[in-house]
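What follows is one structure encoded as structure tokens, with my remarks underneath.
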Amino acid sequence: MVEVLPRRSALEGALEAGTFGAGGTPGLTLSERRRLAIVHVAGDAGDPAFTDAVRGRTGLDLPIEANTTAAGNGRTILWLAPNRWLVVCDGEESAALETGLRDALGSTFAAVNDVSQGRTVIRVAGARAPDLLAKGCPLDLHARAFPTGACGQSSLAKINVLVHSVDRGADGGTDAPILDVYVARGFALSLWEFLTDGAGEFGYTISPMP
Amino acid sequence: MTGQPFRIAEGGRIDRAKPLTFTFDGRAYQGFQGDTLASALLANGVRVVGRSFKYHRPRGIVTAGSEEPNALVQLRAGGRTEPNTRATCIELFDGLSAESQNRWPSVDFDLHALTGLFSRFMPSGFYYKTFKWPAWMWMTYEKFIRHAAGMGRSPTVADPDRYDHRYGHCDVLIAGAGPAGLAAALAAGRTGARVIVADERCEPGGSLLDHAATQGGPSAPSAAADWIAQSVAELEAMPEVTLLRRCTVFGYYDHNMLGLLEQVADHQSQSQSKADPFQPRQRLWQVRAKQVVLATGAIERPIVFAGNDRPGVMLAAAARAYVNRYGVRPGNRAVVFTNNDSAYEAALDLAAAGVAVAAIVDCRAEGGALTETARAQGMDCLTGYAVVAAKGGKRVTGVTVMALAEDGDAGGKVTGGRRAIACDLVCVSGGWNPTVHLHSQSRGKVRFDDAIAAFVPGESFQAERSAGAARGTFATAACRAEGAAAGGEAARLAGFGDTPPPAPSGDEPRQAALAPAGAPLWSVPQAPGGHGKRFVDQQHDVTAEDVALAVREGYHSVEHLKRYTTLGMATDQGRTSNVIGLAILAQLLGKDIAAVGATTFRPPYTPVCLGAITGRETGRHFAPTRRSAMHPWHQARGARFVAAGMWLRPQFYARPNEAMMDAIHREAKHVRQHVGMVDVSTLGKIDIQGPDAAEFLNRVYINGFKKLETGRCRYGVMLREDGLVFDDGTVTRLSENRYLMTTTTAHAGPVMAHLEYHLQVTWPELKVHVVSVTEEWSAIAIAGPHSRAVLERVAGGIDMSNRAFPFMGFRQGAVAGVPGRVFRISFSGELAYEINVPADHGLFVWEAMMEAGGAFDIIPYGTEAMSILRTEKGHVVGGEIDGRTSADDLGFGRMMSQAKDFIGKHSARRPGLVDGHRQQLVGLTPTDRKTRIPRGARIVAEPIGQVPKSGAATPVGMIGAVTSQCYSPNLDTPIALALVERGRDRHGEILYAASPVAGITVPVTVRDPVFIDPQGERLRG
């Protein structure tokens, strides 16, 4: 077992904690979700051997309906396309997750890829979070159209993104929505610059990284 | 500073406690909060606000809204300056500065007004006629026309303000917040539907705000004002309703997508804007609406008569708005000229505000419903009369009135004696045009309604409906009822509420008393001997005579008439002129207006400035940038970057005081002599897994992949279905059923799509998954004789010996402690390796390798040196794989497997791809080994005479072209790759590289494309 290596996020250096933009109560908070294990899983949703194996390792049923997710035990499975998902875990080693899934699948026809370091996940939270994303993303992010647990792929500032509706508040209202934006690592800084520039109008806080 | 001589003592929706100072043409004036620039200018007695487009005639304010054709001003200065803004829409703010346009040297004294004297030489279509004959005269005309015409100046420096974009979604979008729009919003909002209401004005209420009844304020509350206030309060309390003020719905596109322009801060003074630097000046919305209600109101139209453009001639409803809403008298003594009842309401309001009404000239022989009311107030009502001419220059001084021979008709004759009436204000009403623009933009049909003599919305094409005046319903109560029904229906169709479809509107008259009785009067003919200009389109200076000339010249279609005369093509899009122009055309052709038809309405409804369209997509936000994990290192080392698609790649790393070419040549030479590292993270990487992966690869590449062993790499070439080369790269077998494919940077996306397509469509039976892992891995190529020695220092766990790790081998192991992948592949032709590590460790590993290489004098190199190295080695890239070359052209003919089928195999046998005359890849060196071979040069077999100084000889008999060229620092000679007809048979021949662009022809020797180490001893060593 090699020692845990220092990982350098694509936003290293750009992400400076503090409160910025227009005065008053900040309308949203930006942060990066670091050290996530993100594994791309491809397999036949109609094959019980495949779905059972994934359930066995993650404790979650694969979401079969388009643009939905399954969540629990600190893990989330996001639907990407027919027969394709992202398994996201907080606080788990990605190699362990990848190996575990591959072992569970055995000879079942499926493909497992650790993509943890190829994606940057930016969390946009707060009352104005949907308004910020609406500056560059044509998805309808209203709580009615994009409730807790929904996900969708679209463009944000001309960059391909996956948006995950983590939480829309207990009443389904828009009090403090939490939206996670998954972006290819290479575009992360560009997207971060777009988001921080656009958030100035609402006032925003950047959470310190642990 | 002057007083405000035309300000009424009290009343209006202005805040007299907040005086504002502004300048117009450099002179300071005062107005009040709540004024527009137009109302403030009128209050100060300023009547001439600009000069006309063609004849430079003095022009004043005609309207009180966004349809204004004349009062266009240059607003603000410097980077914030904006031409052609309508003074009637500019909310006054403290410190506002505006200038009149299109005048020289001043608006009061304009030399170009002399143009008017030559106006008979500037008939309709004169611009086109100047092209025709005599053609050489155009150069002379042009100078004159360019100086004289034009509408304001564009800014010459960058706009410092922010503009923003946003997407919106709603169940019901309502355009307009007048009586119908507010009622629609309430009805839709109460169902819980998501509603957006947008209105171009600063406060909701629409035309009600212009009426005397809404002006009372707290001291004199009115039912209308209360209703507006209560409606707005209720809407603003609804969480799912968004009420957008100062927001114009300017475009209606496919699939119920609408464009909105919100003028967030245009009404603020500079100090107010400075207080909130994050607020955008304007915000462009793209809204997807399930249902749309168009409550866009109606626009009053003028009547054409001689001198109808004189300052002081104004629409009746505008005059009414100025006295009621803004507390401004637009004149002291008015003549009202109308063909309908609405102008009487204006006359009564004017009189109440202290403006003397000299006469109401009503073209209807019997007058209308309010004629007796007006007479009872002592007004002189001349029924069956028309204004034939307005007198005056920079402001109207009186009108000439004559009787109409027959009751109102576009061709009506004027007769009898002339009566002159002195006045300084002429209020005109020729009826009302429903604002059908958005309905028409949505591809809805329009229909001519004889009852109101105007186009009204016909059949809808998209999910929209019109309500209120936009539908030809003018009475306020009826507008509200119609709006409520439309809003409820829209919500119901979007899935909210259960409002039944609208019931027939009952007793309420749809058109109230506004409709012209009988046939409308469109234009008043010249009085006998009269010759004053009768303007139809004031902004483009198109007269009734111009329309008649165009008809005589054969332009009978409305679309032809429009383009020939430019009628309706100005920035106001003919809001006040189009229908009149059509009516005159119809009358001249002896047809009905309905038969003549209308021109197409196009977005935008009102001008949208480029800043709003651009939004934040300027500077570094112009396009996204893709950076590798090592980007910060490259930056710190002074790399110059080059765009490769969206990626930024280091082009070269210049040392202090080192010239660009010196740096590039140094890097290329250093790699072959010592060792260098290049960031190749941008190459596409595709993970391929599944029991049929080998079979799949076998089908997409021209060469065989079934025998590729685990731990080995293979170079592959893939074709498109048409048999031409698509891309090349390497494939590594990672394990039994798992492969890693690399692609070129440019083709990473297309190759992925190609693989997905064939797996999903062509061979769904193959058990294969493909996943793009480009972004997961940082990739570093290390090349040069010392590359093995450097790697041994950082990847000690891997046996680097040639025997254990031969060329085209693959090993997994720790690199600088990071679990990575090491490939022994070479793009440069040197002993070389490529290292992949997870991207979060990329910078760390790069730094560790640079440090380990210190003992071997390692350098980083950029894309330019990489390109030289591959050209020296004869490797093909985009210049050669240009979508026109076959595998055989590029020397891959023998790679094409005969033993299997693959994509493009059959197409590659087409006669055109196998004939003996195809151009083939060769190397070139200049015969003198000194002269650079020009980029893109054509290859010819014979020298073509002397090359003239001012350009190259014409390349005839072209047999090829240079595809890549550079100076080779390792061979100390310029070299090139080229595609040359039967090139492989020509090795040793002397040909000529001719560049008409560079103006030179270079004799070149044809040779094998591999310039360095053709036996491959270096890379296998």
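Chains as they are written, first to last, in my numbering: chain A, 926 to 1135; chain B, 391 to 1411.
In this text, a Cβ means the ideal position worked out from N, Cα and C, and glycines have one as well.
On the criterion of 16 or more Cβ atoms from any shown chain inside 10 Å, does residue i qualify as buried, or is it exposed?
i: residue 573 of chain B; result: buried
i: residue 950 of chain A; result: exposed
i: residue 391 of chain B; result: Here the model assigns residue 391 of chain B a pLDDT of 44, short of 50, so the residue's position is not dependable and the matter cannot be decided.
i: residue 792 of chain B; result: buried
i: residue 998 of chain A; result: exposed
i: residue 861 of chain B; result: buried
i: residue 1042 of chain A; result: buried
i: residue 1192 of chain B; result: exposed
i: residue 1060 of chain A; result: buried
i: residue 921 of chain B; result: exposed
i: residue 1405 of chain B; result: exposed
i: residue 1070 of chain A; result: exposed
i: residue 1099 of chain B; result: exposed
i: residue 938 of chain A; result: exposed
i: residue 798 of chain B; result: Any answer about residue 798 of chain B is weak, because its pLDDT of 43 lies below 50 and its placement is not dependable; what the coordinates show is given next. Classification of residue 798 of chain B: buried, given that the 10 Å Cβ count is 16 or more.
i: residue 1147 of chain B; result: exposed
i: residue 1153 of chain B; result: exposed
i: residue 767 of chain B; result: exposed
i: residue 1265 of chain B; result: buried
Span of the beta strand (DSSP E) holding residue i?
i: residue 1238 of chain B; result: Taken as a continuous stretch (DSSP letters only), residue 1238 of chain B belongs to no beta strand (DSSP E), being part of the alpha helix (DSSP H) at 1232-1242.
i: residue 1144 of chain B; result: It is not in any beta strand (DSSP E) - residue 1144 of chain B instead sits in the alpha helix (DSSP H) that spans 1138-1147.
i: residue 1362 of chain B; result: Element bounds for residue 1362 of chain B: n/a, residue is neither H nor E.
i: residue 1024 of chain B; result: Unbroken run through residue 1024 of chain B is the alpha helix (DSSP H), 1021-1026; no beta strand (DSSP E).
i: residue 1355 of chain B; result: 1348-1358
Going by C-alpha to C-alpha distance, which of the options sits closest to residue i?
i: residue 448 of chain B; options: B:417, B:498, B:489; result: B:498
i: residue 859 of chain B; options: B:641, B:626, B:566; result: B:566
i: residue 470 of chain B; options: B:1383, B:1347, B:461, B:1002; result: B:1002
i: residue 993 of chain A; options: A:1012, A:1120, A:1121, A:948; result: A:1012
i: residue 772 of chain B; options: B:726, B:759, B:1105; result: B:726
i: residue 914 of chain B; options: B:948, B:879, B:977; result: B:977
i: residue 1170 of chain B; options: B:1211, B:632, B:1131; result: B:1211
Tell me whether residue i sits in a helix, a strand or coil according to DSSP, three-state version.
i: residue 479 of chain B; result: coil
i: residue 549 of chain B; result: coil
i: residue 413 of chain B; result: strand
i: residue 989 of chain A; result: coil
i: residue 672 of chain B; result: strand
i: residue 407 of chain B; result: strand
i: residue 638 of chain B; result: strand
i: residue 569 of chain B; result: helix
i: residue 662 of chain B; result: helix
i: residue 685 of chain B; result: coil
Under DSSP, the alpha helix (DSSP H) around residue i begins and ends at which residues?
i: residue 618 of chain B; result: 613-627
i: residue 460 of chain B; result: No alpha helix (DSSP H) holds residue 460 of chain B; DSSP gives it neither H nor E.
i: residue 1114 of chain B; result: Neither: residue 1114 of chain B is in no alpha helix (DSSP H) and is coded neither H nor E.
i: residue 428 of chain B; result: 427-433
i: residue 999 of chain B; result: Where residue 999 of chain B is concerned, there is no enclosing alpha helix (DSSP H), given that its DSSP letter is neither H nor E.
i: residue 869 of chain B; result: 866-883
So which residues on chain D does residue i lean against when the C-beta distance must stay under 7 angstroms?
i: residue 1063 of chain A; result: Looking at the structure shown, chain D is missing, and the protein chains on hand are A and B.
Sorry if obvious, but does the Cβ on residue i come closer than 7 angstroms to a heavy atom of the ligand ATP?
i: residue 601 of chain B; result: Within the structure as shown, the ligand ATP is missing, as the structure has no ligands at all.
Could you give the uninterrupted runs of the beta strand (DSSP E) lying entirely in the region 1185-1228 of chain B, keeping only those of 3 residues or more? 1200-1205, 1208-1213, 1222-1228
Write down every uninterrupted run of the beta strand (DSSP E) in the region 1282-1316 of chain B whose length is 3 residues or greater and which is fully enclosed by it, in chain order. 1309-1316
Hey, which unbroken runs of the beta strand (DSSP E) at 3 residues or more fall wholly within the region 790-846 of chain B? 804-812, 815-819, 822-824, 836-839
To test your reading of the DSSP string, which unbroken beta strand (DSSP E) runs of 3 or more residues are found completely within the region 719-799 of chain B? 723-728, 746-752, 771-773, 775-782, 786-794
To test your reading of the DSSP string, which unbroken beta strand (DSSP E) runs of 3 or more residues are found completely within the region 940-1008 of chain A? 943-945, 953-957, 961-968, 994-997, 1000-1006
Which runs of the beta strand (DSSP E), 3 residues or longer, sit entirely within the region 1004-1085 of chain A? Within the region 1004-1085 of chain A, the beta strand (DSSP E) runs of at least 3 residues that lie entirely inside it are, in chain order, 1009-1015, 1035-1039, 1044-1050, 1076-1081.
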